[in-house]
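Residue numbers (my numbering): 8 to 307.
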Ligand SMILES: [Zn+2]
């Protein structure tokens, strides 16, 4: 493990303040620790808070090769939640799509089953491209979407510069070793007038502040956690203009909210079986859990 500076503004970690100390049970680490939308495990790297840009980040993250291996092996079990999440992103991205100049092509980094690309296709985007490191996620995609998805870690050299009108990266910026490199790559890949849009957790969001170290966002797979302020720095440092960030609500089945809830395991099981028995488990509920949609436009 090598120590790193702030991955958004490069301020040395020596001037950051401690946010949470490390908590890792190596015997519990599994492929499932790196799957999206799983049951929280409350494991984490040591996290520090950058005093310059407000980013919370692991100053001693695992090596890039180790991460690539973990995501390659990650299991995938969250098709219904992935569909619910995509529907929330579609509602949140609506106002931005009015500002994007073209509709020729869109790229999604960390596309999972490609469900959001499906929505972008309906919104008029002609060429749809997704990048996803987990073969299990791609295997869970319907056959017609698999042609859109490249199974790989994101690498900008796989694509022509200025070849997309929209580049999306949802619930993935927390997972990458170098989020500023991803944002800069996105700026190179979008055409002038095109946009880069992210969905991230907000560590300053009310629910996350109240839950503290019991929040589902405090997780071994999150190498950094953003706030609106750190997102502003990220997009500015990557060279984007017209930055905006706003919170939005997620809508999931009660079954899934229960899985995320910071309850003791026994109580969680009791609540879950009560919900399943009464049929309430499938009922959908919208909650603002501090997720943020942010975007920047590439100037001419
Ligand atoms: Zn910083």
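For glycine and all other residues, C-beta sits at the position ideal for the given N, C-alpha and C.
- Burial is judged here by how many other beta carbons sit within 10 angstroms of a residue's own beta carbon; residue 226 has at least 16 and is buried.
- Counting only unbroken stretches of 4 or more residues, the alpha helix (DSSP H) elements lying wholly within the stretch 63-139 are 71-80, 86-104, 122-129, in sequence order.
- With a contact defined as Cβ atoms closer than 8 Å, residue 256 and residue 238 miss out at about 18 Å.
- By alpha-carbon distance to residue 203, the top candidate from 306, 149, 98, 20 is 306.
- Cβ contact annotation for residue 289 (same chain, cutoff 6 Å, sequence separation greater than five): 260, in chain order.
- By the neighbour-count definition (other C-beta atoms within 10 Å, threshold 16), residue 67 is an exposed residue.
- In chain order, 110, 113 place their CB closer than 6 Å to the CB of residue 132, counting only its own chain and leaving out the 5 sequence neighbours on each side.
- Those residues placing their Cβ nearer than 5 Å to any heavy atom of ligand 1 are, following chain order, 13, 15, 16, 18, 57, 59, 60, 62.
- In summary, residue 180 is buried, with 16 or more beta-carbon neighbours lying within 10 Å of its beta-carbon over all protein chains present.
- When DSSP states are grouped into helix, strand and coil, residue 219 belongs to the helix group.
- In its chain, beyond the 5 residues on either side, 13, 18, 23 have a beta carbon closer than 6 Å to the beta carbon of residue 57.
- A straight line joining the alpha-carbon of residue 27 with that of residue 55 spans about 7 Å.
- Contact between residue 245 and residue 194 is confirmed by a C-beta separation of about 5 Å, below the 8 Å threshold.
- Residue 60 places its beta carbon 8 Å or farther from that of residue 122.
- Residue burial is scored here from C-beta neighbours: residue 156 has at least 16 other C-beta atoms within 10 angstroms and is therefore classed as buried.
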